[in-house]
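Here the structure is laid out as structure tokens; the discussion comes afterwards.
Residue numbers (this note's numbering): 35 to 159.
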């Protein structure tokens, strides 16, 4: 398994994984707009989005990270493929986002819960 910066060639696989993950959580499997244009919502703003790939180069996890100007970083789209949970994938993705936040001077990591509501997840540094 490896974590890489998102590449557009993985778009369909990412979308499938997210829909499957939402379904496994008994949530209506809908897509968030940012997943349809990662470049616009993350990379063009100086933020990051990573995916974790299995040994067959299939997407098994994801996380996005926005670096806010107020010393905080916000996590988005932290998903793990339903049948791959409890294997440390989410932890590794979280650590990757924390490393970015730390390197960019952010001291608090928050989790985006939708509707522009944020909850403090933990101190990242």
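Every residue gets a Cβ at the ideal spot worked out from N, C-alpha and C, and that includes glycine. Predicted model only: the values in this text are computed from it and were never measured.
Subject >> Pairwise C-alpha distance: residue 42 and residue 93 >> reply: If you take the alpha carbons of residue 93 and residue 42, they lie about 12 angstroms apart.
Original post:
For residue 59, which three-state DSSP category applies?
Top reply: The three-state reading of DSSP puts residue 59 in coil, since its state is none of H, G, I, E or B.
Original post:
In terms of alpha-carbon separation, which member of 127, 104, 80 and 73 lies closest to residue 140?
Top reply: Distances from the alpha-carbon of residue 140 to those of 127, 104, 80 and 73 put 104 closest.
Subject >> Exposure label - residue 120; buried when at least 16 CB within 10 Å >> reply: By the 10 Å Cβ count, residue 120 comes out exposed.
Subject >> residue 144 - DSSP class collapsed to helix/strand/coil >> reply: Looking at residue 144 - three-state DSSP - the assignment turns out to be strand.
Subject >> Same chain, Cβ closer than 7 angstroms to residue 151, five either side skipped, listed in chain order >> reply: Note that residue 151 has pLDDT 48, beneath the 50 cutoff, so the model's placement of it is unreliable and the number below is only indicative. Cβ neighbours of residue 151 beyond the five flanking positions: none.
Subject >> Residues bridged to residue 39 [DSSP beta-bridge criterion] >> reply: In DSSP, residue 39 forms a bridge with 84.
Subject >> residue 115 to residue 107 span [Cα, whole Å] >> reply: Residue 107 has its alpha-carbon roughly 24 angstroms from the corresponding atom of residue 115.
**OP:** Please go through the same chain and pick out, in chain order, the residues whose beta-carbon is closer than 6 angstroms to the beta-carbon of residue 118, but skip the five residues on each side of it.
**Re:** Hits under 6 angstroms: 94.
Original post:
Which class does residue 48 belong to by DSSP, given the choice of helix, strand or coil?
Top reply: Taken through DSSP and simplified to helix, strand or coil, residue 48 comes out as helix.
Original post:
DSSP three-state call for residue 112: helix, strand or coil?
Top reply: Note: residue 112 maps to strand in three-state DSSP.
Original post:
Among residues of its own chain, excluding the 5 on either side of residue 96, which ones have a beta-carbon nearer than 8 angstroms to its beta-carbon?
Top reply: Sequence-distant Cβ neighbours of residue 96 in its own chain, meaning closer than 8 angstroms and more than five residues away, are 40, 48, 51, 52, 83, 84, 85, 86, 111, 112, 113 and 127.
Original post:
Does the beta-carbon of residue 132 have 16 or more other beta-carbons within 10 angstroms, so that it is buried, or is it exposed?
Top reply: Burial call: buried.
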